[in-house]
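Residue numbers (our numbering): 470 to 716.
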């Protein structure tokens, strides 16, 4: 599998996984003119977020990097124009995963931190969950699942990646194997779940992805086209070779 994401025309051979984690804090609603009659769920969340930021130690992998925990969304209910202090506050996190990490392991990790936090934060009531998404395919068939993708890593000496590298070099194109992992792509499905040899290859820089002003340098775009052609030609010409069925 060749995933056509930004890699600055280098061959990226792995990436961290991803889990979307949700934490809710609960309080007691009261009129905002007399907050002492209630328990402000947003205040509890603020205290908890401060504690998590101070105590969470991301696991590390020498190639993939750190299993970071990033806050991506924060909101409370009822809405701020209601004149009431919030009875619930919700925080959504992006937890990047390393090899072998699972939803169960991430859940145990964060629950342990919250358990310690409750020793210093009075009236802390929480719920930890992994949001479930529901959608429909183009056929109308329903799909349902968590935001979860496992990490993966292809060995640098893999026959598959070496074959692709040779194809690029023989075409006079950059043939570098990247010394860093890729960002989030659907390579997690092909490599980690389906166990297919996978690389990430494409034009543009990762620093531009999901930014305000994304762009692709035309020269890189043209070279990427040539690279896809060269690699596809090599793979298809040796389609019966077992190296393409193994890591």
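Just so you know, even glycine gets a beta-carbon here, dropped at the ideal spot from N, CA and C.
For residue 537, the three-state secondary structure derived from DSSP is coil. Between residue 668 and residue 481, the beta carbon gap of about 6 Å places them in contact (Cβ cut-off 8 Å). In this structure, residue 513 keeps its C-beta atom at 8 Å or more from the C-beta atom of residue 633. Taking the C-beta atoms as reference points, residue 604 is found no nearer than 8 Å to residue 487.
Of all alpha-carbon atoms in 538, 506, 507, the one lying nearest the alpha-carbon of residue 519 is that of 538.
Under the three-state reduction of DSSP, residue 612 is assigned to strand.
Taken through DSSP and simplified to helix, strand or coil, residue 678 comes out as coil. According to the DSSP secondary-structure assignment, residue 561 is paired through a beta bridge with 491, 542. Here residue 661 is buried, its C-beta having at least 16 other C-beta atoms within 10 Å. Of the candidates 624, 599, 619, 544, the residue whose Cα lies closest to the Cα of residue 613 is 599.
When the five nearest sequence neighbours on each side are left out, the beta carbons in the same chain lying within less than 6 Å of the beta carbon of residue 529 are those of 535, in order along the chain. Taking C-beta atoms as the reference points, residue 557 and residue 493 count as a pair closer than 8 Å.
By DSSP's assignment, residue 481 forms a beta bridge with 669.
One alpha carbon belongs to residue 516, the other to residue 590, and they sit about 7 Å apart. Looking from the CA of residue 631, the closest CA among 647, 541, 609 belongs to 647.
Contact between residue 567 and residue 533 is confirmed by a C-beta separation of about 6 Å, below the 8 Å threshold. Between the C-alpha atoms of residue 499 and residue 671 there is a straight-line separation of about 54 Å. The Cβ atoms of residue 575 and residue 489 lie no closer than 8 Å to each other. Per DSSP, residue 526 lies in no beta strand (DSSP E) and is assigned neither H nor E. In this structure, residue 547 sits away from residue 509, with a CB-CB distance that is not shorter than 8 Å.
Buried is the label assigned to residue 620, since at least 16 other Cβ atoms lie within 10 Å of its Cβ.
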